[in-house]
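Residue numbers (the working numbering): 101 to 1255.
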Amino acid sequence: MDGWNDAEARRAIAEDLDVSLLVEAAAGTGKTESLVTRLVALVRSGRARLDQVAALTFAEKAAGEMKLRLRQRLEEALRSATDDAERARLEVSLQHLETAHVSTFHGFCAELLREMPLEAGLDPGFIVSPDDGHALYERAFDTFWQEVLADPPPGIRRMLRQRGWRRDEGPRGALKAAGRRLVDHRDFPAPWTDEPFVVDEAASRAEMDELVDRLGELQPYATQGADFDKMRIGFVQTHELVRSIRHRRREAGDDPAALRDHYEWLEAALRRLTTFDDTVNPLRAYAGDYPRLGRFVRVDVVAHRDRVQDALREWAERTGPTLAELLREELRRVVDLYEQAMRDTATVDYLELLLRTRDLLRNDAGARAELRRRFTHVFVDEVQDTDVVQLEIAWSLACAPGQPAEVAAAVPDPGALFLVGDPKQSIYRFRRADLRLYHQLQQRLAATGGREVVLTRSFRAVPGIHAFINHCFGKTMTADAGIQPGYVALESHREKHPLQPSVVVVPVPRPYGKTRVTKGAIGKSSPKALAAFLGWVIRESGWTVDAGGERRPIAARDVCILFRSQRGWDDDRVQGHARALEAEGIAHVASGQRGGAEPEELGALRQVLGAIEWPDDALRVYAALRGPFFGLTDEALFLFHQHHGRIHPLDEHDPASARDDEEREVMEVLALFRELHLLRNERPLADTVVDLMERARVFAGVVLWQAGVNAMGHLRAMVDRIRGLEAGGLTSFRALVERLDQDVEEGRDTETLPFEEEIDGVRLMTVHKAKGLEFPVVILADPQANGAGRNPSQWVDPERGLWAERLCGAAPAALLANAAEAQRGDDAEELRVLYVACTRARDLLIVPGIADGPPQDPKEAHHGWLEPLNAAVYLPVAKRGDVRHAPGCPEMDPMEKTFQAPRNIEVRDPMRPGMQRNGVVWWSAERLRSGQSAPAGVRSELRELMDPKGPAARQGIADHEAWVADRAALRARASVPTLVGRTITALGAERGAHGTLDVATVSTDAAHEPRPRGSRFGTLVHLALADVPFDADAGALAETVRAHARLIGAPEDERDAAVRAVEAALAHPLLRRAAGSARVRREVPVVHPLPDGTLAEGVVDLAFQESDDTPWVVVDFKTDLADGAAESYRGQIALYVEAIAAATGSPAEGVLLGL
101 MDGWNDAEAR
111 RAIAEDLDVS
121 LLVEAAAGTG
131 KTESLVTRLV
141 ALVRSGRARL
151 DQVAALTFAE
161 KAAGEMKLRL
171 RQRLEEALRS
181 ATDDAERARL
191 EVSLQHLETA
201 HVSTFHGFCA
211 ELLREMPLEA
221 GLDPGFIVSP
231 DDGHALYERA
241 FDTFWQEVLA
251 DPPPGIRRML
261 RQRGWRRDEG
271 PRGALKAAGR
281 RLVDHRDFPA
291 PWTDEPFVVD
301 EAASRAEMDE
311 LVDRLGELQP
321 YATQGADFDK
331 MRIGFVQTHE
341 LVRSIRHRRR
351 EAGDDPAALR
361 DHYEWLEAAL
371 RRLTTFDDTV
381 NPLRAYAGDY
391 PRLGRFVRVD
401 VVAHRDRVQD
411 ALREWAERTG
421 PTLAELLREE
431 LRRVVDLYEQ
441 AMRDTATVDY
451 LELLLRTRDL
461 LRNDAGARAE
471 LRRRFTHVFV
481 DEVQDTDVVQ
491 LEIAWSLACA
501 PGQPAEVAAA
511 VPDPGALFLV
521 GDPKQSIYRF
531 RRADLRLYHQ
541 LQQRLAATGG
551 REVVLTRSFR
561 AVPGIHAFIN
571 HCFGKTMTAD
581 AGIQPGYVAL
591 ESHREKHPLQ
601 PSVVVVPVPR
611 PYGKTRVTKG
621 AIGKSSPKAL
631 AAFLGWVIRE
641 SGWTVDAGGE
651 RRPIAARDVC
661 ILFRSQRGWD
671 DDRVQGHARA
681 LEAEGIAHVA
691 SGQRGGAEPE
701 ELGALRQVLG
711 AIEWPDDALR
721 VYAALRGPFF
731 GLTDEALFLF
741 HQHHGRIHPL
751 DEHDPASARD
761 DEEREVMEVL
771 ALFRELHLLR
781 NERPLADTVV
791 DLMERARVFA
801 GVVLWQAGVN
811 AMGHLRAMVD
821 RIRGLEAGGL
831 TSFRALVERL
841 DQDVEEGRDT
851 ETLPFEEEID
861 GVRLMTVHKA
871 KGLEFPVVIL
881 ADPQANGAGR
891 NPSQWVDPER
901 GLWAERLCGA
911 APAALLANAA
921 EAQRGDDAEE
931 LRVLYVACTR
941 ARDLLIVPGI
951 ADGPPQDPKE
961 AHHGWLEPLN
971 AAVYLPVAKR
981 GDVRHAPGCP
991 EMDPMEKTFQ
1001 APRNIEVRDP
1011 MRPGMQRNGV
1021 VWWSAERLRS
1031 GQSAPAGVRS
1041 ELRELMDPKG
1051 PAARQGIADH
1061 EAWVADRAAL
1071 RARASVPTLV
1081 GRTITALGAE
1091 RGAHGTLDVA
1101 TVSTDAAHEP
1111 RPRGSRFGTL
1121 VHLALADVPF
1131 DADAGALAET
1141 VRAHARLIGA
1151 PEDERDAAVR
1161 AVEAALAHPL
1171 LRRAAGSARV
1181 RREVPVVHPL
1191 PDGTLAEGVV
1201 DLAFQESDDT
1211 PWVVVDFKTD
1221 LADGAAESYR
1231 GQIALYVEAI
1241 AAATGSPAEG
1251 VLLGL
């Protein structure tokens, strides 16, 4: 590390173990390695045992990786250790590694709460919701919706009148999403305004009437210009709206109910005119490029229209708090129903785990002292993503038992806290993370004796990528306390690859609309260009990536295409790229499909499942028959309908009566649907799905698709998901189909394929999904996507318990009052999202670009998410001609085109293909030629591929049948056990008293008393003897028995008898000998191999060795020896004695102790 800029920081991590540290670890600098290094150093030094450390992460994968890395480092340390005490500490740590507290925050809290459920106010048998409360919330909202529809309250009534929702949303979806946000932030109860909630109805109505008059001023423009002029059409629609408004007002007269309905309708109409969607807002109509609109100057008309629209938006924003307050109050009922559902089902969601743990540490002095004694050190990974509750838990645990309960006054022990994160990668504000908390943490740690260190040497990317990132973010990411951290430049560790570029800009070939660069044109052209370039990289370039110290050619699995979001207003961001990759013959894997990016095979599966559930739904049945799983032709279905009158799965047909093969095939598929329909609720849900796939030869078909292996993976993952849903409480086939449909309609995130490196295919995912991952090649897609929104999203004040956010577009007063700072927070996070995206790349970063510069129209270029890269992507005009040949790239003439523009556009000084001065390579649009001639959607050829007469289909079916046969053979072999395990209890009963071992039998006085009998009583006595100390007094003994009796439901008479039995056992000379022995083991699991290969398994009640030269004494507790059962137990204890003797290498003897 000598000569590294961060050498001192890395030394402090490993050596300054008595100082709490906050480590700012930039991308690729080794966060996990820092955590493991510190933890191993603590164990080696003897400052903490592994079981005294809580190492908390945010993902199961991260926790698993940390454990794996920790095992490697502990084994390395053990090999190099020379001190006996240090070796002993390392050996113990390795033995207990799997039970170490290395887990997610939620898993850790669940573990603590299961130990202390009553103290935390929870049912002892509580369960953690497997879907974070989704199913409970669905039921709660459905109940709420049925209640409010009968008589909608004012806020919801106003919402129901509004239009202009996303195509897949609607008012119910918007209200449902708003209610979910309130549920997720239910621990922030502070009111959104300090002023009394009063609505001046008369003033509100007068203001809306004035806005209608302002709209009426635009009427003269409706008669000007050509009939096809989009701007004129927008004014005509606006004029019609004004006429309708005024007519409705006259019709309402002075009737209070009619006036209320009119102004609620008018509010919805006016709010629709504030949206940015030109399909519902005529004021957003395209302004055009002609100089005049009839007798008016067009720029003056546009200015007039914009003033009216600005007035509308100002009114909507100003009156938003009224609607927001109404909705919050009315949606509280959803929160109450959700919390009641959790109580009724003894279920907790992830937030509840955190809140209950925090409250336990706050309010229960005994629990707080116990947990603080147990955990002497707390490690937190990705600390920049923690919320206020998680930070309070970590801080409290790191304090000594005598410290105050109030976290603000508590001081962690020296060296007890080790926090690792990168504030530049804080991108989860919507999940309760807040960079102001990180800033406060820096201050508090410094004030309590801790300090901050910074890691800058990155082991991830090549120098060219680091130089690009440093150039882009060095000036834009400036320190702003609580809003944005200062930028820390990355220091490269890897060497530059001399034969290939590090950063490539792929030009959008057709970025222009009719007269200017438009986002629509970019969205159509960019995916094809990126796919064509990627096809060349994979097939022809010869470029390589680093793979564990060796270099290999770039493959599809090395590439990740990152999106700012998967959904736009009404389109799917991923779909165009997926189609373009398919056209190039490049496999792809979408991680976390959302909102319409559903793979075709999963969509087809949903259609078929829907047809099975609803055979009366003719559209579903037709879609299933016509879809890719069956591929029946329109002609076959039409003729079948003509001949039989309808196509219905419940109609019975005899395939022998079919007129031709196609009709017989329709009959067979309908018969399959009928059978699956009748059996769907009589067996596990997944069995019906698997039966469908096997009998329809789905796998044999999809394997022939271009991305067939991935499609099969999607389907198998879906089967696993269905099993999980059923285990989580989904009980009917209809509920399953509705859940799958709802997931797609609501754009809910669902993992469709396990993320494994060996699965081939380009990864398609959002930046948030890619957080914590890295890839050899990263493509930043979707250049037309906006960055931060035009309006601030949220305002949070943890100290006041305030979380103000928009509900259904309405902003509360607290958010508007802090709008400037809230918008700064949104803009700052947007920059960090881009930083995270860029830092995922290791060997190659690919960026789309517009060769003659980014869009200049502010309406088209508003906060484009890639805009901060412009400083490095677009050189000044004077330097654009200074290009040279890029190593590893084809010779590109600087005069080759980098885009195509309409003839009426004059383009000057575009970016030239080749390597620029800053090392960035611009590609040539003329080189972007598709490597495949097959069109997208080759899956439509499945019908031909499935034709039994076709050679490809025959081969596929043969391969599938061979695979089925191999699987059956493998299962048959695997069903024969290599080892047979049996319980010692069963083996002992077979042996009886015929063994050669002499077993002593003794009893306590309590064994002969009249008392309860049965297995529960025996279990209670065994549990108590396993836990009670040998020197326990009467009170401690009774408390131990009482606790176990409560857990197993033992009545009072069994509890009292067990107290007497255990008390007599502790007083027996045999247990007094055990209490004074050098080695004692209680409740010891043993596995003993017998000569015939059988593994004998059991649990030894008690074993002790009084000294090194005495035999082990194996004691088996029995509560029924007085019933004459001693003889049947002699074989059992004989096996226990053999097992202990074999395990210890010392002689052993057995004793049956009657209790």
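Each residue gets a CB set at the ideal place from its N, CA and C atoms; glycine is no exception. None of these values were measured; they are calculated from a predicted model.
| request: Helix, strand or coil for D406, going by three-state DSSP, please let me know. | output: In the sequence shown, residue 406 corresponds to position 306, counting from 1. Residue state for D406 is assigned as helix, using DSSP reduced to three classes.
| Among residues of its own chain, excluding the 5 on either side of R138, which ones have a beta-carbon nearer than 6 Å to its beta-carbon? | Within the sequence shown, the letter at position 38 stands for residue 138. These residues qualify, in order along the chain: I113 and F518.
| query | Mind pulling the beta strand (DSSP E) runs of 3 or more residues that sit fully within the region 461-515? | reply | 477-480
| said: Closer than 8 Å is the cut-off here; do at least three beta carbon pairs connect the region 886-896 with the region 492-504? | reply: no
| When DSSP labels each residue in this structure, what does P653 get in the three-state scheme? | On the sequence shown, residue 653 is found 553 positions in, with the first residue counted as 1. Note: P653 maps to strand in three-state DSSP.
| task | Tell me whether the beta-carbon of A125 lies closer than 7 Å to the beta-carbon of V511. | result | Translated into positions along the sequence shown, residue 125 becomes position 25. Translated into positions along the sequence shown, residue 511 becomes position 411. Going by C-beta atoms, A125 is not nearer than 7 Å to V511.
| query | Any chance the region 782-789 sits against the region 761-769, with 3 or more Cβ pairs inside 8 Å? | reply | Contact between the region 782-789 and the region 761-769 is absent, because fewer than three Cβ pairs lie under 8 Å.
| What residue does the beta strand (DSSP E) around H1188 start on, and which one ends it? | One-based indexing of the sequence shown puts residue 1188 at position 1088. R1179 to P1189 is the extent of the beta strand (DSSP E) around H1188.
| request: Would you kindly check if the distance between the Cβ of I822 and the Cβ of H777 is under 7 Å? | output: For this step, residue 777 is matched to residue 677 along the sequence shown. For this step, residue 822 is matched to residue 722 along the sequence shown. No, they are not a contact pair.
| message | Taking contact to mean 3 or more Cβ pairs, one atom from each stretch, closer than 8 Å, check whether the region 928-941 and the region 900-917 are in contact. | response | no
| said: Let me confirm a value: E701 is counted as buried when at least 16 other C-beta atoms fall within 10 Å, else exposed. Which label applies? | reply: Here residue 701 is taken as the residue at index 601 of the sequence shown, counted from 1. That one is buried.
| Going by the beta-carbon positions, is the gap between D523 and Q490 smaller than 7 Å? | To locate residue 523, count along the sequence shown from 1; it is residue 423. To locate residue 490, count along the sequence shown from 1; it is residue 390. The amino acid at residue 523 is misidentified as Asp; the sequence shows Pro. Going by C-beta atoms, P523 is not nearer than 7 Å to Q490.
| For Y612: DSSP bridge partner residues | As a first step, residue 612 is located in the sequence shown; it is residue number 512 there, counting from the start. V617, per the DSSP bridge assignment.
| message | Considering just the uninterrupted stretch of the beta strand (DSSP E) at I661, what are its terminal residues? | response | Taking the first residue of the sequence shown as position 1, residue 661 is located at position 561. From DSSP, the beta strand (DSSP E) with I661 extends over V659 to F663.
| Taking the alpha helix (DSSP H) that M767 falls in, what are its first and last residues? | Walking along the sequence shown from the start, residue 767 turns up at place 667. Element bounds for M767: D761 to L779.
| message | How far does the beta strand (DSSP E) with Q894 in it extend, from its first residue to its last? | response | In the sequence shown, residue 894 corresponds to position 794, counting from 1. That run of the beta strand (DSSP E) goes Q894 to D897.
| request: Mind checking which residues open and close the alpha helix (DSSP H) that includes V248? | output: Position 148 of the sequence shown holds residue 248. Its alpha helix (DSSP H) spans residues H234 to A250.
| said: Buried or exposed, going by whether 16 or more other CB atoms sit within 10 Å of the CB of I1084? | reply: Numbered from 1 along the sequence shown, position 984 holds the residue referred to as residue 1084. Answer is buried; the Cβ neighbour count reaches 16.
| Within 7 Å, strictly: CB atoms of T132 and M166 | Taking the first residue of the sequence shown as 1, we reach residue 132 at position 32. Taking the first residue of the sequence shown as 1, we reach residue 166 at position 66. Going by C-beta atoms, T132 is nearer than 7 Å to M166.
| message | What does the alpha-carbon distance come out to for the pair R443 and L437? | response | The sequence position of residue 443 within the sequence shown is 343, counting from 1. The sequence position of residue 437 within the sequence shown is 337, counting from 1. Cα to Cα, the separation comes out at about 10 Å.
| request: Quick one: grab the DSSP three-state call for M308. | output: For the purposes of this step, residue 308 is taken as the residue at position 208 of the sequence shown. Reduced to three states, the DSSP call for M308 is helix.
| field | Buried or exposed (CB count within 10 angstroms, at least 16 for buried), I946 | value | Here residue 946 refers to the residue found at position 846 of the sequence shown. Flag for I946 reads buried.
| query | Along the chain, where does the beta strand (DSSP E) that runs through I879 open and close? | reply | Residue 879 sits at position 779 when you count from the first residue of the sequence shown. Unbroken beta strand (DSSP E) run through I879: F875 to L880.
| With a Cβ-Cβ cutoff of 7 Å, do A1203 and R1173 count as a contact? | The residue you call residue 1203 lines up with position 1103 of the sequence shown. The residue you call residue 1173 lines up with position 1073 of the sequence shown. Taking 7 Å as the Cβ cut-off, A1203 and R1173 do not qualify as a contacting pair.
| Cα separation between F663 and L150? | Taking the first residue of the sequence shown as position 1, residue 663 is located at position 563. Taking the first residue of the sequence shown as position 1, residue 150 is located at position 50. If I take the Cα positions, the gap works out to 40 Å.
| said: To the nearest angstrom, how far is the alpha carbon of E414 from that of L423? | reply: The sequence position of residue 414 within the sequence shown is 314, counting from 1. The sequence position of residue 423 within the sequence shown is 323, counting from 1. Spanning the two alpha carbons is a distance of roughly 15 Å.
| message | Considering only the alpha carbon of each residue, which of T379, G388 and D449 lies closest to V228? | response | Counting from 1 along the sequence shown, the entry for residue 228 is found at position 128. Comparing Cα positions, the closest option is D449.
| task | Would you tell me roughly how many angstroms separate the C-alpha atoms of G676 and E310, rounded to the nearest one? | result | Numbered from its first residue, the sequence shown carries residue 676 at position 576. Numbered from its first residue, the sequence shown carries residue 310 at position 210. Between G676 and E310, the C-alpha separation is close to 45 Å.
| request: Find the nearest neighbour of G1198 within the set R679, R531, V689 and G1088, judged by alpha-carbon distance. | output: Translated into the one-based positions of the sequence shown, residue 1198 becomes position 1098. That would be G1088, whose Cα lies nearest to the Cα of G1198.
| message | Here's the rule I'm using: 16 or more other beta-carbon atoms within 10 Å means buried, otherwise exposed. How should Y321 be labelled? | response | As a first step, residue 321 must be located in the sequence shown, where it is residue number 221. Buried, by the Cβ-count rule.
| DSSP three-state call for H347: helix, strand or coil? | Working through the sequence shown from its first residue, we reach residue 347 at position 247. Correct three-state label for H347: helix.
| Element boundaries [beta strand (DSSP E), containing E51] | Because the chain in this structure spans residues 101 to 1255, residue 51 falls outside the shown range and cannot be described.
| task | Have a look at D464 and K871 and give me their C-alpha separation to the nearest angstrom. | result | Reading the sequence shown from its first residue, position 364 is the one you call residue 464. Reading the sequence shown from its first residue, position 771 is the one you call residue 871. Going from the Cα of D464 to the Cα of K871 covers about 37 Å.
| field | Same chain only: Cβ atoms within 7 Å of Q503, ignoring 5 sequence neighbours per side | value | Within the sequence shown, the letter at position 403 stands for residue 503. Excluding sequence neighbours, Q503 sits near A510 and V511.
| query | Where does F530 fall in DSSP's three states? | reply | On the sequence shown, residue 530 is found 430 positions in, with the first residue counted as 1. Helix.
| query | T447: buried (16+ other C-beta within 10 angstroms of its C-beta) or exposed? | reply | Position 347 of the sequence shown, counted from the start, is the residue given in the question as residue 447. Here T447 is buried, its C-beta having at least 16 other C-beta atoms within 10 Å.
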